[in-house]
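In my numbering, the protein residues as written are 351 to 431.
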């Protein structure tokens, strides 16, 4: 997938998320993208790029909440592979 609007980090994250058929393990996706790109940034930096992919409509996201225990999940959009 080539998209001139996305940088190498976002492209790597999107590639890995689109390979999964279910909800992704966010930390595993970040570790994979770090290894693939060689970009040495912290998890917060990477997480912001995942959130941006959701806001821009590249992936799906959701939240499960019990009071202040929050689980944010991400997954590919239908037909995203």
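Even glycine gets a Cβ: it sits at the ideal position worked out from N, Cα and C.
Computed from a prediction, not measured in an experiment: that's the story for all the values here.
Going by DSSP, name the residue or residues bridged to residue i.
i	result
residue 423	412
I need the straight-line Cα distance from residue i to residue j, nearest angstrom please.
i	j	result
residue 406	residue 376	18 Å
residue 389	residue 408	21 Å
residue 368	residue 379	11 Å
residue 410	residue 400	10 Å
residue 370	residue 419	25 Å
Name the residue from the options whose alpha carbon lies nearest to the alpha carbon of residue i.
i	options	result
residue 360	413, 418 and 386	386
residue 427	373, 362, 357 and 358	373
residue 362	394, 403 and 371	403
What does the Cβ neighbour count give for residue i, buried or exposed, with the cut at 16 atoms within 10 Å?
i	result
residue 415	exposed
If residue i and residue j are in contact, beta carbons under 8 Å, what's the gap, nearest whole angstrom?
i	j	result
residue 382	residue 366	5 Å
residue 424	residue 413	So it is not a contact: roughly 11 Å between Cβ atoms.
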